[in-house]
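**Student:**
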Amino acid sequence: MTHALFHPWTLGFMQHALAELALVGIVGGALGCWVIFYGLAYSAESLAHALFPGLVGAALLGLPLLLGGAVGVLGAAVAVAVFGRAPEIGRDTAVAVVISSLFGAGVVLALSQASPPGLESLLFGDLLGVSRVDLLVAGILAALALAALGALHRLLLAVGFDRGSSRALVARPLVADLALLALLATAIVIGVQGLGNLLVVAVLVGPSATARLFARRMAPMMTLAAGIAIAASLAGLYLSYYANIAAGASVAATVVVAYLLGHGVRAGRIPIVKRVLAVAILALACAGSAAASSPPTLRGRTIAIDPGHNGGNYRHAAQIDRLVNAGTLRKACDTTGTQTNAGYTEAAYTLDVSLRLASLLRAAGARVVLTRTTNTGWGPCITQRAAIGNRAHVSVALSIHADGGPSSGRGFHVIYPPSIRGLTDDIAVASYRLALAVRAAFHAGTGMPYATYIGRAGLDRRSDLGGLNLSDVPKVFVETGNMRNATDARLLANARFRRREAQALARGLAAFLAARP
Amino acid sequence: MTLLRVEGLTAGYDGRPVLHDVGFVLEPGERIGVLGPNGGGKSTLFRVLLGELDPFGGTVYAAARRGFVPQTERSRLDYPVSALDVALMGTLSRAPWWRPLRRSDRRFALDSLGRVGLRELAGDRFGELSGGKRQRVLVARALVQDAPILLLDEPFTGVDRPSADALEALLAELAAEGRGVLIATHDVDQVRAWDSVLCLNGRQVAFGPPERTLTRAVLEETYGGEIVALPGEEGAGILPPHHH
Chain S
187 MTHALFHPWT
197 LGFMQHALAE
207 LALVGIVGGA
217 LGCWVIFYGL
227 AYSAESLAHA
237 LFPGLVGAAL
247 LGLPLLLGGA
257 VGVLGAAVAV
267 AVFGRAPEIG
277 RDTAVAVVIS
287 SLFGAGVVLA
297 LSQASPPGLE
307 SLLFGDLLGV
317 SRVDLLVAGI
327 LAALALAALG
337 ALHRLLLAVG
347 FDRGSSRALV
357 ARPLVADLAL
367 LALLATAIVI
377 GVQGLGNLLV
387 VAVLVGPSAT
397 ARLFARRMAP
407 MMTLAAGIAI
417 AASLAGLYLS
427 YYANIAAGAS
437 VAATVVVAYL
447 LGHGVRAGRI
457 PIVKRVLAVA
467 ILALACAGSA
477 AASSPPTLRG
487 RTIAIDPGHN
497 GGNYRHAAQI
507 DRLVNAGTLR
517 KACDTTGTQT
527 NAGYTEAAYT
537 LDVSLRLASL
547 LRAAGARVVL
557 TRTTNTGWGP
567 CITQRAAIGN
577 RAHVSVALSI
587 HADGGPSSGR
597 GFHVIYPPSI
607 RGLTDDIAVA
617 SYRLALAVRA
627 AFHAGTGMPY
637 ATYIGRAGLD
647 RRSDLGGLNL
657 SDVPKVFVET
667 GNMRNATDAR
677 LLANARFRRR
687 EAQALARGLA
697 AFLAARP
Chain Z
6 MTLLRVEGLT
16 AGYDGRPVLH
26 DVGFVLEPGE
36 RIGVLGPNGG
46 GKSTLFRVLL
56 GELDPFGGTV
66 YAAARRGFVP
76 QTERSRLDYP
86 VSALDVALMG
96 TLSRAPWWRP
106 LRRSDRRFAL
116 DSLGRVGLRE
126 LAGDRFGELS
136 GGKRQRVLVA
146 RALVQDAPIL
156 LLDEPFTGVD
166 RPSADALEAL
176 LAELAAEGRG
186 VLIATHDVDQ
196 VRAWDSVLCL
206 NGRQVAFGPP
216 ERTLTRAVLE
226 ETYGGEIVAL
236 PGEEGAGILP
246 PHHH
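Sequence lines, in order, name chains S and Z.
Numbering (the numbering used here) for the first sequence: 187 to 703.
Numbering (the numbering used here) for the second sequence: 6 to 249.
(1) Taking a Cβ distance cut-off of 7 Å, strictly less, list which residues of the segment 36-58 of chain Z are near chain S, in chain order.
(2) Distance, Cα to Cα, A681 of chain S vs E57 of chain Z?
(3) Please report the distance separating the alpha-carbon of P481 of chain S from that of A550 of chain S.
(4) So for P303 of chain S, helix, strand or coil by DSSP?
(5) Where do the N-terminal and C-terminal ends of the beta strand (DSSP E) with Y66 of chain Z fall, by residue?
(6) Would you list the one or two residues that DSSP bridges to N668 of chain S?
(7) How is the alpha helix (DSSP H) around V386 of chain S delimited, first residue to last?
(8) Bridge partners of F238 of chain S, per DSSP?
(9) What residue does the beta strand (DSSP E) around T320 of chain Z start on, and which one ends it?
(10) Consult DSSP for Y84 of chain Z and reduce its assignment to one of helix, strand or coil.
(11) Please specify which runs of the beta strand (DSSP E), each continuous and at least 3 residues long, are wholly inside the segment 88-161 of chain Z, giving them in chain order.
(12) With which residues is R516 of chain S paired in a DSSP beta bridge?
(13) Among the residues of its own chain, which have a CB less than 7 Å from the CB of M669 of chain S, if the five just before and after it don't count?
(14) For V582 of chain S, list the residues DSSP reports as bridge partners.
(15) Let me know the secondary structure DSSP gives G207 of chain Z once reduced to three states.
(16) In three-state DSSP terms, what is V659 of chain S?
(17) Distance check for T409 of chain S and A244 of chain S, CA to CA, integer angstroms please.
(18) Just the C-alpha distance for Y228 of chain Z and C204 of chain Z, rounded to the nearest angstrom, thanks.
(19) Identify the contact partners of M407 of chain S in chain Z, using a Cβ-Cβ distance below 8 Å as the criterion.
(20) Give the residues of chain Z in contact with D363 of chain S, contact being defined as C-beta atoms less than 7 Å apart.
(21) Any idea if E159 of chain Z is buried or exposed, counting beta-carbon neighbours within 10 angstroms, 16 or more meaning buried?
(22) Any beta carbon from chain Z within less than 8 Å of L341 of chain S's own beta carbon?
(23) Pull out every residue of the segment 104-122 of chain Z whose Cβ sits closer than 9 Å to any Cβ of chain S, in chain order.
(24) Buried or exposed, going by whether 16 or more other CB atoms sit within 10 Å of the CB of E182 of chain Z?
(25) Between S:G325, S:A296, S:T536 and S:Q201, which lies nearest to I212 of chain S when the distance is taken from Cα to Cα?
(26) Take the Cβ of H202 of chain S as the centre, count every other Cβ of all protein chains shown within 10 Å, and call the residue buried at 16 or more, exposed below.
(27) Please list the partners that W199 of chain Z has in chain S, where partner means a Cβ-to-Cβ separation under 7 Å.
(28) What residue from Z:P101, Z:N43 and Z:P60 has the CA that sits closest to G28 of chain Z's CA?
(29) Beta-carbon within less than 6 Å of T49 of chain Z's beta-carbon, same chain only, minus the 5 sequence neighbours each way: which residues are those?
(30) With a threshold of 16 other CB atoms inside 10 Å of the CB of F192 of chain S, please say whether the residue is buried or exposed.
(31) Quick check on this structure: which residue in Z:V86, Z:A88, Z:V53 and Z:P42 has the alpha carbon closest to the alpha carbon of G62 of chain Z?
(32) Are the C-beta atoms of G350 of chain S and some chain Z residue less than 8 Å apart?
(33) Is Y224 of chain S helix, strand or coil when you go by DSSP?
(34) Is the Cβ of P481 of chain S closer than 8 Å to any Cβ of chain Z?
(35) Given a threshold of 16 other Cβ atoms within 10 Å of its Cβ, counted over all protein chains shown, does M6 of chain Z qualify as buried or as exposed?
(36) With distance defined between alpha-carbon atoms, name the residue in S:G448, S:L425 and S:H449 nearest to A438 of chain S.
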């Protein structure tokens, strides 16, 4: 039980997601209250939409999304300021047109052939892809925003209360309005990478709307809103983790549920008994879903990760062409692997993903054995690759590859061994389960489609792979995409995407191990 | 020292004047009642005096800070603030907005609430107080502003009897302290107790001590001839049509 509750937080990417949400929750808790009382929810939504081209631009150029968001907000502000002045249009219309056009331009840009895929991650965010650097920048921005909110508190309180006489109080409504818009832009920039263009405002403002139902004064309202935001984030991340739902969407959903619950309680439509009952049912549901999957921490587990091929293989033809016993046949010790048309090699790619995956697994408490840690040597032979895992008495092994398929074919597939007497009969069932877990996690975590050119529904059974045949522990190969396909190649060459791949694979392994005490 | 001097003032909106030819003087210790129908220019005058609206012509000379008490009818009742929070907003006039509140600010605000008789309700939510009490909290806020000139926009409108009495006594006290107080009101009888009366109806109809100014002719001109005369001595029982 405790394991199930704590397990997600042993994973680095889950910690990052929670930290990001906590930042959004705290800033949003304070700022959201002002947004509500200043009637700025629509402006917030508009700002979030209008910065979209900036986000897409940053993704295109490989720049940090935070930077893109900031530039996008500035661009939108300038556009609104310029077109808002056109006397024959009218300010409202001008703003609406500018916002819609910018959002549309962003979508068109994102759908253009030259852009890296991942439109949905810009729209709905990529909570599990938040890096340490992202967090650091977001943390600094959040600290600045909170400091500014603290300094502005008295002014905002007075202007929001009574705009009409604020001038008489020497409170400057213009300062308050501009500061609030600037802070709103900052908060959106903080949250947009994690929660995306469409969800960020819901998570920024939703908890404040809930807190408003209960709090009688501004400061407690802000505290309550931040508390609700963090609680909803926790619940959302649990939901996402155990039900395998996109993190941003499940957090936005729990925020909405919190509001509806709050409204029901406040309106007295849910009497006290039912209220207690509802909370109990919710708790049970959480506990139930937690217990159902109940994965223990990865502490005490040993996992073998096998990055396919090696960067130096092509210079060691003699060594790698040597035939070895692959169990069912004799075949070459190792091969050079494929590469993208742009020259990004499978060997470099598999090592990158493997190292990312290894660090995630280690962060979760696992011991990780890698069959290679550099991309300059040759081998090891496929026999060795299996033997390394066997010798280390690992719980599970994963071999990482990318495919060189027909250029028209897309997608990933997971290869598992059939039951071969004397070779894989002891691991075939478990390996098949592993294949299912890895397929589900990879599909959900990366959005990569099932391979269109091989296997069935992202699965393929093969008896000709020495790495599988010779394994004494559950093992599969994952062919994460087709390097010869332009779309897949662009994805695999994108570092952000590789981070997500590693996170997805870590979740797949954790899910598999969770079912094996 | 004259607190406020207005000469030949013309003001309005979008180039259309709604108030012509206003000229009066507010001395320390004086209470001036501002009478006039709705739309007669009372609010416009206040906005000019507060510096929110630039006049088309004439001069406004203010020797000191102006505190303002708006109508509570217009306050937000859903706003999450206590009576003390509202009173504390007055500190914005005395210190820059970024300066954190000090203990002395709170004490001053509590004392100001005490002066309007609401010290015990300092922690109550503003929106849940009665109209009269809310009006008194807004007066406390103006006290915290610590302004020598006070402008009150119809403070007696919609106010219960005890609050009105408390307010009336407080205004006398504030004047006695040497402040100048300008009060927009509909209550002609009330104005009689004050030092001067300013009658507006798109222009300045009259200005002067109530006993000389509040004649039937002036009131008819101020309220457009639709006044109701009650039996009694000349002028004493005259009420504007929308008197509450």
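Built from N, CA and C at the ideal position, the CB exists for glycine as well.
**Tutor:** Answer, in terms of the structure:
(1) Of all residues in the segment 36-58 of chain Z, L55, G56 and E57 have a Cβ within less than 7 Å of some Cβ in chain S.
(2) Straight-line Cα distance between these residues: approximately 56 Å.
(3) Its pLDDT being 39, under 50, P481 of chain S is placed unreliably by the model, and the measurement read from it follows with that caveat. Approximately 12 Å, taken between the alpha carbons.
(4) For P303 of chain S, the predicted structure reports a pLDDT of 46, less than 50, and the residue's modelled location is therefore unreliable. A value from the coordinates is still provided. Three-state result, P303 of chain S: coil.
(5) Element bounds for Y66 of chain Z: G62 to A67.
(6) Under the DSSP definition of a beta bridge, N668 of chain S partners with S:D589.
(7) Counting along the chain, the alpha helix (DSSP H) containing V386 of chain S begins and ends at P359 to R398.
(8) For F238 of chain S, DSSP assigns no beta-bridge partner whatsoever.
(9) There is simply no residue 320 of chain Z to check, as chain Z begins at 6 and stops at 249 in what is shown.
(10) DSSP places Y84 of chain Z in coil when its eight states are reduced to three.
(11) For the segment 88-161 of chain Z, whole beta strand (DSSP E) runs of length 3 or above, ordered along the chain, are 154-158.
(12) R516 of chain S is bridged by DSSP to S:N511.
(13) Closer than 7 Å at the Cβ level, and outside the excluded window around M669 of chain S, lie T524, Q525, T526, E532, A588, D589, G590, A675 and L678.
(14) Beta-bridge pairing links V582 of chain S to S:I489.
(15) DSSP places G207 of chain Z in coil when its eight states are reduced to three.
(16) V659 of chain S falls in the coil class under three-state DSSP.
(17) Take the alpha-carbon of A244 of chain S and the one of T409 of chain S: they are about 34 Å apart.
(18) Spanning the two alpha carbons is a distance of roughly 9 Å.
(19) Listed by position along chain Z, the residues whose Cβ is nearer than 8 Å to that of M407 of chain S are P85.
(20) What D363 of chain S touches in chain Z: nothing, since even the nearest Cβ is about 14 Å away.
(21) In this structure E159 of chain Z is buried. Its beta-carbon is surrounded by 16 or more other beta-carbon atoms within 10 angstroms.
(22) With 8 Å as the cut-off, L341 of chain S counts as an interface residue toward chain Z.
(23) Of all residues in the segment 104-122 of chain Z, R104, P105 and L106 have a Cβ within less than 9 Å of some Cβ in chain S.
(24) Sixteen is the threshold: since fewer than 16 other Cβ atoms of the shown chains lie within 10 Å of the Cβ of E182 of chain Z, the residue is exposed.
(25) When each option's Cα is compared against that of I212 of chain S, the closest is S:G325.
(26) Buried, because 16 or more other Cβ atoms sit within 10 Å of the Cβ of H202 of chain S.
(27) Correct list: empty, because the minimum Cβ distance to chain S is about 21 Å.
(28) Ranking the options by Cα distance to G28 of chain Z, first place goes to Z:P60.
(29) Leaving aside the five residues that flank T49 of chain Z on each side, the residues in its chain whose CB is nearer than 6 Å to its CB run, in chain order, A16, V23 and L24.
(30) Counting Cβ neighbours within 10 Å, F192 of chain S comes out exposed, since fewer than 16 surround it.
(31) Residue Z:V53 holds the alpha-carbon nearest to the alpha-carbon of G62 of chain Z among Z:V86, Z:A88, Z:V53 and Z:P42.
(32) G350 of chain S has a beta carbon lying within less than 8 Å of a beta carbon in chain Z.
(33) Coil.
(34) With a pLDDT of 39 at P481 of chain S, under the threshold of 50, the modelled position of this residue cannot be trusted, and the question is left open.
(35) Exposed.
(36) Closest by alpha carbon: S:L425.
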